[in-house]
Amino acid sequence: MAAEGKMASAGRIARSTEEAEPSSVAAAGAPDVRSVPLLFEESAAGRSGADVAARAIGEPDAAAILGTGLCRDDITGFPELSEPQVMRHFLRLSQLNFGQAFQFYPLGSCTMKYNPVLNDEMAALSGFAGLHPMTPAHLAQGALELMARLEAALAEITGMDAVSLHPAAGAQGELTGLLMARAYHHKRGAARHKVIIPDTAHGTNPASCTLAGFEVVVAKSNRRGFLEAAEIRRLLSDEVAALMVTNPNTLGIFEPEIAAIAGALHERGALLYLDGANMNALLGVAKPGHMGADIVQLNLHKTFATPHGGGGPGAGPVAVKKHLEPFLPAPRLGRDAGGWRLDYGWPDSIGRLRAFQGNFGMLVRAYSFILALGGNGLAEASRFAILAANYVRKRLEPHYPSATREPSMHECVLTHDLEKRAGVSTLDIAKRLLDFGIHPPTIYFPLVVHGALMIEPTETETRETLDSFVAAMEKIYDEALSNPEMVRTAPHTLALSRVDEAHAARRPVLRWQPTRA
Ligand SMILES: Cc1ncc(COP(=O)(O)O)c(C=O)c1O
């Protein structure tokens, strides 16, 4: 047992099995989020952190430029604070957060891997960061060149022929790909309106299908957790536009019949859409293009180490085979004697998906990541990600068996018997992990696994960190049997314990409401 006071706190993962011991009571001194005053509560009339220079004589005032309708003297109820007050407030709040920069963050299906600072430095170069999106092409040659090189790198990595960097997220990449599939069939005179999706699919897949106007047909994965070509043949008809499948799938296993499935689809004129959000397992190891994919989307913010989560910007480029190239979003990059330009001359294009050319800062980060690692480095990253997932799976097997007997790729999906044995749920386990300074894995996903714990350690964690995680999970298992209440009421060391998640999701309070004017 760890000595008193050796508990892990948010911001620090226990470094050894001995130390992997959370507090048995609420942590003394843990900040109570309710004691952090709101900016509005700290406000004092007339206080200011900004030093706005007085208008120089002869300069027009704002009302003359904008019109009086758009100007006001005051914003009622707006907080008035000094600069240090504002800085302290936000720093204090940031310390209450869990973040990949502070803690082990094995959030399955999200690839929360380390984001090298080098990438941020590259994205912050003034030539990139200061570039206005409306800059004419002849003055933005460096940015366009970077985009062209990134497109080429992604085409090479995926084994596809052409790439669009437009989509701003994986889900938008999915929508892009499906709109292209629709345009492709339309051009061939076929009104196919169904898309097959396996029962292990990520939730965005059926949502994207519906958005693109398709009807979803669910394919059952087999007892081993993967799709069989026979099931796809059974569901195929001339109404099916495509199969949308994630590989590795959301159980974290490779789809071994993918080539036969692609063959079956192509025989019936349907397309294979491969959701490449889990490419972190495949870099330099296997290419969707070789598996028969016609369309692939990538999540740069997962695989290529650009920040993910927290609502930050993402990038979900789409890569296609030659026969789908005419339908890619336009404008596309083109090149002539004058250099790079934006080419609108694609009459069959599905058009724009968003303003400008994608989330450019994310593109710079991804390109920087690819260059820094190189081909061999990318392959090594995937191999380490696979090794880490299988190591954690093997070590946790006695307490938390795997949901599948197939080898894991970059993440493993585990189950447990604590609900039956001790009335302790997966949610309780996840909450208790917070007391060990560990962000919980994804839980209750994929839906086909009861009480799932989906763990994605990524390639960037040390063996010691993985061992500490295993030790914490083992301790929680033992604790669930000896003192289930402790697990059921966790977390005990954080500023906030359990919130009513259903209430928070259904009736979110997103804005402070003043109680007095
Ligand atoms: C398999 C899979 N597909 C699609 C997505 C959607 O990506 P995004 O969150 O960028 O929209 C995710 C998200 O992580 C995913 O795991």
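Numbering (my numbering), first residue to last: 355 to 871.
Virtual Cβ for every residue (Gly too), placed ideally from N, Cα, C.
When the distance is taken between beta carbons, is residue j closer than 8 Å to residue i?
i           : j           : result
residue 653 : residue 524 : yes
residue 812 : residue 742 : yes
residue 736 : residue 638 : yes
residue 838 : residue 778 : yes
residue 599 : residue 514 : no
residue 607 : residue 840 : no
residue 662 : residue 466 : yes
residue 583 : residue 618 : yes
residue 534 : residue 626 : no
residue 485 : residue 494 : yes
residue 566 : residue 532 : yes
Run the CB neighbour count on residue i, radius 10 Å, all protein chains shown included, and call it buried at 16 or more, exposed below.
i           : result
residue 655 : buried
residue 810 : buried
residue 563 : buried
residue 817 : exposed
residue 864 : exposed
residue 541 : exposed
residue 370 : Because residue 370 sits at a pLDDT of 42, beneath the cut-off of 50, its placement in the model cannot be relied upon, and the following sentence gives the value as read from the coordinates. Residue 370 is exposed by the Cβ-count criterion.
residue 729 : exposed
residue 757 : buried
residue 528 : buried
residue 568 : buried
residue 854 : exposed
residue 488 : exposed
residue 703 : buried
residue 548 : buried
residue 557 : exposed
residue 628 : buried
residue 624 : buried
For residue i, I'd like the list of residues in its chain whose CB is within less than 7 Å of its CB, leaving aside the five on either flank, ordered along the chain.
i           : result
residue 759 : 578
residue 392 : 866
residue 815 : 458 and 742
residue 504 : 519, 717, 720 and 721
residue 851 : 845
residue 828 : 753
residue 613 : 645 and 646
residue 750 : 768, 824 and 827
residue 390 : 446 and 447
Excluding sequence positions up to five away, which residues of its chain have a Cβ less than 8 Å from the Cβ of residue i?
i           : result
residue 573 : 550, 551, 552, 553, 581, 585, 586, 589 and 597
residue 804 : 769
residue 409 : 415
residue 359 : Residue placement at residue 359 is poorly supported in this model, since its pLDDT is 31, which falls under 50; the coordinates still yield a value, given next. Hits under 8 Å: none found.
residue 399 : 434
residue 394 : 431, 433, 866 and 868
residue 692 : 492
residue 773 : 779, 780 and 805
residue 859 : none
Could you name the residues that DSSP lists as bridge partners for residue i?
i           : result
residue 596 : 549 and 625
residue 815 : Partner(s): none; residue 815 has no beta bridge.
residue 650 : 628 and 673
residue 690 : 693
residue 534 : Answer is none; residue 534 lacks a bridge partner.
residue 840 : Answer is none; residue 840 lacks a bridge partner.
residue 803 : The partner list for residue 803 (beta bridge, DSSP) is empty, contrary to what the question assumes.
Secondary structure at residue i, three-state DSSP: helix, strand or coil?
i           : result
residue 716 : helix
residue 765 : coil
residue 573 : strand
residue 779 : coil
residue 558 : helix
residue 382 : With a pLDDT of only 43 at residue 382, under 50, the local geometry of the prediction cannot be trusted, and no value is derived from it.
residue 756 : strand
residue 398 : coil
residue 430 : coil
residue 607 : coil
residue 639 : coil
residue 808 : strand
residue 465 : coil
residue 518 : strand
residue 704 : coil
residue 796 : strand
residue 851 : coil
residue 444 : helix
residue 494 : coil
Taking 6 Å as the limit between beta carbons, can you name the residues of its chain near residue i, skipping five residues before and five after?
i           : result
residue 462 : 765, 795, 796, 808, 809 and 810
residue 544 : none
residue 738 : 813
residue 695 : 491 and 688
residue 836 : none
Can a CB atom of chain C be found closer than 8 Å to the CB of residue i?
i           : result
residue 459 : Note that chain C does not occur in the displayed structure, where there is just one protein chain.
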